[in-house]
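**Q**
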Amino acid sequence: MKDTKQIPVSPIKIQDNTFRDGHQSIYATRMKTEDMIPIAEEMDNCGYWAMEVWGGATFDTMHRFLDEDPWMRPRILKKYIKKTPFSMLLRGQNLVGYRHYADDVVRAFVDKSCEIGIDIFRCFDALNDFRNIETCVERIKTNGKHFEGTVCYSLTESRLGGEIYTLDFYVAKAKELAGMGADTICIKDMAGLLSPYDAFDLFTALKKAIKVPLHLHTHYTSGMGSMSYLKAVEAGVDIIDTCLAPFALRTSMPATEPIVAALQGTDRDSGIDLSKLIKLSDHLENIAPKYKHLLADHKLSIIDTGVLAHQIPGGMISNLTSQLKEMNALNRIDEIYKEVVQTRKDMGYPPLVTPASQIIGSQAVLNVLFGRYVRISNQLKDLVLGLYGKTPAPIDKDLTKKILKNYKRGQEPITGRPADYLPPEIEDAKKTIGNLARNDEDLLGWILFPQTMEKYLQKKYGVDTAAIGA
Amino acid sequence: MCMEIKAPMPGKIASISVSVGSQVKEEDEVIIMDAMKMEIPVYAPGSGIVKEIKVKWASPSTKVSCLLSFISANKLEGYSSGLKETYIDGIGAVEEAWKK
Chain A
29 MKDTKQIPVS PIKIQDNTFR DGHQSIYATR MKTEDMIPIA EEMDNCGYWA MEVWGGATFD
89 TMHRFLDEDP WMRPRILKKY IKKTPFSMLL RGQNLVGYRH YADDVVRAFV DKSCEIGIDI
149 FRCFDALNDF RNIETCVERI KTNGKHFEGT VCYSLTESRL GGEIYTLDFY VAKAKELAGM
209 GADTICIKDM AGLLSPYDAF DLFTALKKAI KVPLHLHTHY TSGMGSMSYL KAVEAGVDII
269 DTCLAPFALR TSMPATEPIV AALQGTDRDS GIDLSKLIKL SDHLENIAPK YKHLLADHKL
329 SIIDTGVLAH QIPGGMISNL TSQLKEMNAL NRIDEIYKEV VQTRKDMGYP PLVTPASQII
389 GSQAVLNVLF GRYVRISNQL KDLVLGLYGK TPAPIDKDLT KKILKNYKRG QEPITGRPAD
449 YLPPEIEDAK KTIGNLARND EDLLGWILFP QTMEKYLQKK YGVDTAAIGA
Chain B
247 MCMEIKAPMP GKIASISVSV GSQVKEEDEV IIMDAMKMEI PVYAPGSGIV KEIKVKWASP
307 STKVSCLLSF ISANKLEGYS SGLKETYIDG IGAVEEAWKK
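Spelled out as structure tokens, the structure:
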């Protein structure tokens, strides 16, 4: 490689996501802490802006499948990684679980996360309703930590524009986050929808409007990820998310190595030593046999061209397919794709990210099989009721009435912040769990995942199952 | 007249809102199913008294076509349980999907 030794004017900063979204995206979040330790110190020496090591699905899989105490991973890694800040993905009021938790739980969870070594909080809400991250932000700031305000990237049409998801939409959302005190602002393209020229326009516009550093997180799913990074880099994005090659591409992030190589000698040279990265990838290749069975290899293609065709995230397509198979209705998949688009429009264009992707996808299935809104899931009713927050566009009044007819949680949509309707949870939980939770970490874990955490705690403390509840 | 309520789709039983002997009105929620990671309520197709509940909470039973039967007070017209071949299958399938 030519050694141009030009001093980079504004080096691109890299957030490594190998230990979080990398294995979450392609190895079902099953990487064990013990496999991270052998390369932890070397990772620390790479010069990453940050390493995302926690949050997302890690908390769930660690206690459910790996028999690890979820709170311990950042603590253990911190012994080896002393220079690089730790980042986590935090789903606002959902924390790392699957429902909205009350404010007392959210406060305690964020405080505890700070205590165990998280420095940067990538905080988002699935509907981009930032009232759902207010409580998190208050605690992040109080603890003196870094608040990365995050906008979920979504589209109305095949490219940026249309009714909702326009350049102006993203600029307005970013400004809202800046107003909340964001230290950095991230565009989170979890479905790999962002196309290269839209990335250029988007970051050009954001750079003009926003003072704090900008961060882009994309997935390789559609095959556009690396191209979008390059165009975003040209437009001035400050930080990008990547993974080491064995944990990259497919539905994960673009790989670190090619981007570092591509920018060498330019004014955006990352300054990261490529040979160090290659050594680290070798370690991951050595542990690969343990994880290889988790890799989806039913297709030769490592990209999902379906995403390009209808903007439905790859994970959602595989869910829909397996659901229809179970119902002996796989022949109706094309109708379902069309219905997903219509249902999403009816529901005010939520980004197709968890939980909206499941809610919209399953409702589309019900609509096709039983008629439109004849059978309705309770989660869709909650969405219409406003319990997840405000949808990007309003939902039609007549449809709202039809969906909420006789609904036991209410027939009139709420307009307030969803968490204002949730009573505190911690004191009640303490009484219910009793002695099984020996500290506040056990208790919080149990509030998030009552069934699986109970089993984990029984194992952790060697408690006789039969004695529980006595 | 005796009437059966069938599972509209494969899934497991999330909760049962009635007991044997319960009086139900048309459109009352009788069972909530857990399917496609969603809670899907199943409603009474008419008024009547619950005669038998054929499933249990979290039923992982396979090929059960019937959730419960009840003695109907009304004539049941125009009610379709949707799919012909319905069964409650696989806590496993739902759990697997959830893990993803």
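Chains as they are written, first to last, in this note's numbering: chain A, 29 to 498; chain B, 247 to 346. Note that beta-carbon positions come from the ideal geometry of N, C-alpha and C, so glycine has one too. All values reported here derive from a predicted model rather than from experimental measurement.
1) Just the Cα atoms here: how many angstroms apart are residue 284 (chain A) and residue 275 (chain A)?
2) For residue 44 (chain A), count neighbouring C-beta atoms within 10 Å of its own C-beta (all shown protein chains included) and say buried if the count is 16 or more, exposed if not.
3) Label residue 316 (chain A) either buried or exposed according to how many other C-beta atoms from any shown protein chain fall within 10 Å of its C-beta, with 16 as the threshold for buried.
4) In chain B, which residues lie less than 7 Å from residue 479 (chain A) when you measure between Cβ atoms?
5) Compute the Euclidean distance between the alpha carbons of residue 338 (chain A) and residue 183 (chain A), then round it to the nearest angstrom.
6) Using 8 Å as the threshold, is the C-beta distance between residue 253 (chain A) and residue 281 (chain A) below it?
7) Residues in the same chain with beta-carbon distance under 8 Å from residue 349 (chain A), minus the five sequence neighbours each way, listed in chain order, please.
8) Taking Cβ to Cβ, would you say residue 243 (chain A) is nearer than 8 Å to residue 214 (chain A)?
9) For a quick check, are the C-beta atoms of residue 383 (chain A) and residue 419 (chain A) less than 8 Å apart?
10) Within 10 Å of its beta-carbon, does residue 308 (chain A) have 16 or more other beta-carbons around it, so buried, or fewer, so exposed?
11) Which partner residues does residue 151 (chain A) have in the DSSP bridge list?
12) Output the distance between the C-alpha atoms of residue 436 (chain A) and residue 409 (chain A), rounded to the nearest integer angstrom.
13) For residue 489 (chain A), count neighbouring C-beta atoms within 10 Å of its own C-beta (all shown protein chains included) and say buried if the count is 16 or more, exposed if not.
14) With contact counted as at least three CB pairs below 8 Å, one residue from each stretch, are the region 129 to 146 of chain A and the region 388 to 400 of chain A in contact?
15) By the three-class DSSP mapping on this structure, what secondary structure does residue 321 (chain A) have?
16) Pick out whichever of B:303, B:283, B:282 and B:264 has its Cα sitting closest to the Cα of residue 289 (chain B).
17) Is the CB of residue 285 (chain B) under 8 Å away from at least one CB in chain A?
18) Is there a Cβ of chain A sitting closer than 8 Å to that of residue 306 (chain B), yes or no?
19) Please check if any C-beta of chain B sits within less than 8 Å of the C-beta of residue 406 (chain A).
20) For residue 341 (chain A), count neighbouring C-beta atoms within 10 Å of its own C-beta (all shown protein chains included) and say buried if the count is 16 or more, exposed if not.
21) Residue range of the alpha helix (DSSP H) that residue 131 (chain A) falls in?
22) Helix, strand or coil for residue 525 (chain A)? Go by DSSP, reduced to three states.
23) Let me confirm a value: residue 354 (chain A) is counted as buried when at least 16 other C-beta atoms fall within 10 Å, else exposed. Which label applies?
24) What's the gap between the Cα of residue 70 (chain A) and the Cα of residue 318 (chain A)?
25) List, in chain order, every chain B residue whose beta-carbon is nearer than 7 Å to that of residue 351 (chain A).
26) Among residues of its own chain, excluding the 5 on either side of residue 39 (chain A), which ones have a beta-carbon nearer than 8 Å to its beta-carbon?
27) Taking 8 Å as the cut-off, does the region 443 to 452 of chain A touch the region 120 to 132 of chain A (at least 3 CB pairs, one atom from each stretch)?
28) At a CB-CB cut-off below 8 Å, which residues of chain B make contact with residue 386 (chain A)?
29) Does the CB of residue 285 (chain A) have a neighbour CB from chain B at under 8 Å?
30) Using a Cβ-Cβ cut-off of 8 Å, state whether residue 273 (chain B) counts as contacting chain A.
31) My assumption, with CB atoms under 8 Å, is that residue 77 (chain A) sits in contact with residue 287 (chain A). Please give the rounded CB distance.
32) Taking one C-beta from the region 199 to 216 of chain A and one from the region 172 to 180 of chain A each time, how about it: are there three or more such pairs within less than 8 Å?
33) Relative to the C-alpha of residue 255 (chain A), which residue among A:228, A:234 and A:239 is closest?
34) Should residue 100 (chain A) be labelled buried (16 or more other beta-carbon atoms within 10 Å of its own) or exposed?
35) Could you name the residues of the region 420 to 441 of chain A whose beta carbon sits closer than 7 Å to any beta carbon of chain B, in the order they occur along the chain?
36) Alpha carbon to alpha carbon, how far is residue 155 (chain A) from residue 481 (chain A)? Give it in angstroms, no decimals.
**A** Considering the structure as presented:
1) Your numbering for residue 284 (chain A) matches position 256 in the first sequence. Your numbering for residue 275 (chain A) matches position 247 in the first sequence. The straight-line gap from Cα to Cα measures roughly 10 Å.
2) As a working note, residue 44 (chain A) is residue 16 in the first sequence. Buried, by the Cβ-count rule.
3) By one-based count along the first sequence, residue 316 (chain A) stands at place 288. So residue 316 (chain A) ends up on the exposed side.
4) Position 451 of the first sequence holds residue 479 (chain A). Correct list: empty, because the minimum Cβ distance to chain B is about 10 Å.
5) The residue labelled residue 338 (chain A) in the question sits at position 310 within the first sequence. The residue labelled residue 183 (chain A) in the question sits at position 155 within the first sequence. Spanning the two alpha carbons is a distance of roughly 11 Å.
6) For the purposes of this step, residue 253 (chain A) is taken as the residue at position 225 of the first sequence. For the purposes of this step, residue 281 (chain A) is taken as the residue at position 253 of the first sequence. A contact, by the Cβ cut-off of 8 Å.
7) Position 321 of the first sequence, counting from 1, holds the residue named residue 349 (chain A). Counting only Cβ-Cβ distances below 8 Å, and skipping sequence neighbours, we find 358 and 361.
8) Numbered from 1 along the first sequence, position 215 holds the residue referred to as residue 243 (chain A). Numbered from 1 along the first sequence, position 186 holds the residue referred to as residue 214 (chain A). Contact: yes.
9) Taking the first residue of the first sequence as position 1, residue 383 (chain A) is located at position 355. Taking the first residue of the first sequence as position 1, residue 419 (chain A) is located at position 391. Contact: no.
10) Mapped onto the first sequence, residue 308 (chain A) falls at position 280. The residue in question, residue 308 (chain A), is buried, as its Cβ has 16 or more Cβ neighbours within 10 Å.
11) Sequence index remark: in the first sequence, residue 151 (chain A) carries index 123 (1-based). Per DSSP, A:118 and A:177.
12) Residue mapping note: residue 436 (chain A) aligns to position 408 of the first sequence, counting from 1. Residue mapping note: residue 409 (chain A) aligns to position 381 of the first sequence, counting from 1. So the alpha carbons of these two residues sit roughly 10 Å apart.
13) In the first sequence, residue 489 (chain A) corresponds to position 461, counting from 1. Counting Cβ neighbours within 10 Å, residue 489 (chain A) comes out exposed, since fewer than 16 surround it.
14) no
15) Walking along the first sequence from the start, residue 321 (chain A) turns up at place 293. Looking at residue 321 (chain A) - three-state DSSP - the assignment turns out to be helix.
16) Taking the first residue of the second sequence as position 1, residue 289 (chain B) is located at position 43. When only C-alpha atoms are compared, the closest one is B:264.
17) For the purposes of this step, residue 285 (chain B) is taken as residue 39 along the second sequence, with counting starting at 1. Answer yes: the Cβ-Cβ gap between residue 285 (chain B) and chain A drops below 8 Å somewhere.
18) One-based indexing of the second sequence puts residue 306 (chain B) at position 60. Low per-residue confidence applies at residue 306 (chain B): pLDDT is 45, beneath 50, and the placement is therefore not dependable enough to give any value.
19) In the first sequence, the residue the question calls residue 406 (chain A) occupies position 378. Closer than 8 Å: yes.
20) Within the first sequence, residue 341 (chain A) is the residue found at index 313, counting from 1. Buried is the call here.
21) Within the first sequence, the letter at position 103 stands for residue 131 (chain A). From DSSP, the alpha helix (DSSP H) with residue 131 (chain A) extends over 131 to 143.
22) For chain A, the structure presents residues 29 to 498; residue 525 (chain A) sits outside this window and is missing.
23) As a working mapping, residue 354 (chain A) is identified with position 326 in the first sequence. Buried, since its Cβ has 16 or more Cβ neighbours within 10 Å.
24) The residue labelled residue 70 (chain A) in the question sits at position 42 within the first sequence. The residue labelled residue 318 (chain A) in the question sits at position 290 within the first sequence. Cα-Cα distance, rounded: 22 Å.
25) The count along the first sequence starts at 1 and reaches residue 351 (chain A) at position 323. Correct list: 282.
26) By one-based count along the first sequence, residue 39 (chain A) stands at place 11. Once the five neighbours on either side are set aside, the close Cβ partners of residue 39 (chain A) are 296, 297, 298 and 299.
27) yes
28) Within the first sequence, numbered from 1, the residue matching residue 386 (chain A) stands at position 358. Near residue 386 (chain A) (Cβ distances below 8 Å), the residues of chain B are 282, 283 and 284.
29) In the first sequence, residue 285 (chain A) corresponds to position 257, counting from 1. So, not an interface residue.
30) Within the second sequence, the letter at position 27 stands for residue 273 (chain B). Yes, residue 273 (chain B) counts as interfacial toward chain A.
31) Mapped onto the first sequence, residue 77 (chain A) falls at position 49. Mapped onto the first sequence, residue 287 (chain A) falls at position 259. With a Cβ gap of about 13 Å, residue 77 (chain A) and residue 287 (chain A) do not count as contacting.
32) yes
33) Counting from one through the first sequence, the residue named residue 255 (chain A) turns up at place 227. Nearest of A:228, A:234 and A:239 to residue 255 (chain A), Cα basis: A:228.
34) Here the question's residue 100 (chain A) lines up with position 72 in the first sequence. Residue 100 (chain A) comes out exposed.
35) 434
36) By 1-based counting over the first sequence, the position of residue 481 (chain A) is 453. By 1-based counting over the first sequence, the position of residue 155 (chain A) is 127. Using only the alpha carbons, I get a separation of about 28 Å.
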